[in-house]
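Presented below is the structure to which this report refers.
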Amino acid sequence: MKSSPFVLQKTVVKSDLDTLDHVNNVIYLQWVQEVAKAHWEKATGHLKEDFGHWIVRSHHITYKQAVKLGDKLQIETYVKHSRGALSERLVNIFLQNSRILMAHCSTQWCYVSTDTHKPISIPKSVIEILN
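Numbers 8 to 138, taken from my numbering, label the letters of the sequence shown in order.
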């Protein structure tokens, strides 16, 4: 059973827009990275344990509707599953008040050693933190 999602809120600003006055695709990716990092930091910031690093193996973003200037968004994330060195994190971007899904991203993250930068199995303690 998945835990409650971690949530960030955003309001779209002019610098987020592309030439069509929609949020630029790169901005969605920045939000995906930002919410994942914030979730990790909230979950581990108080711990003294040395953790490995997370690197992205792949992102798959599905754009449902255009997000525009002034839209208030709720960006939610949770870890769907982890196995071996890999973990799948889901991010959903909703219009804040209506809960209309605007975009969805599935990211496969790889856990690597801080020393060798090679993939290593995700420790059970890390899986428990993420769930």
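C-beta atoms are modelled at their ideal positions from N, C-alpha and C, and glycine is treated no differently.
Predicted model, so just to flag it, every value in this text is computed and none were measured.
Query: C-alpha distance - T114 paired with K87, whole-angstrom precision; Result: 10 Å
Query: Sequence-distant residues of the same chain with beta carbon closer than 7 Å to V63, five excluded per side; Result: T114 and W116
Query: Under 8 Å between C-beta atoms of E41 and L15; Result: yes
Query: Range covered by the beta strand (DSSP E) that runs through I82; Result: K79 to R90
Query: One or two residues paired with V30 in a DSSP bridge; Result: L24
Query: C-beta atoms of M109 and K71 nearer than 8 Å; Result: yes
Query: Alpha-carbon spacing of E135 relative to D122, whole angstroms; Result: 23 Å
Query: Backbone secondary structure at Q103 - three-state DSSP; Result: coil
Query: C-alpha distance - I82 paired with A92, whole-angstrom precision; Result: 25 Å
Query: Nearest candidate by alpha-carbon position, reference D23, set S65, D57, K75 and S11; Result: K75
Query: Integer Cβ distance of H66 from V33, believed to fall under 8 Å; Result: The pair is not a contact, with the Cβ atoms about 11 Å apart (cut-off 8 Å).
Query: Reduced DSSP category for A110 - H, G, I as helix; E, B as strand; rest coil; Result: strand
Query: Bridge partner(s) assigned by DSSP for H13; Result: Checking the sequence, you will find Phe at residue 13 rather than His. DSSP output for F13 lists T84 as bridge partner(s).
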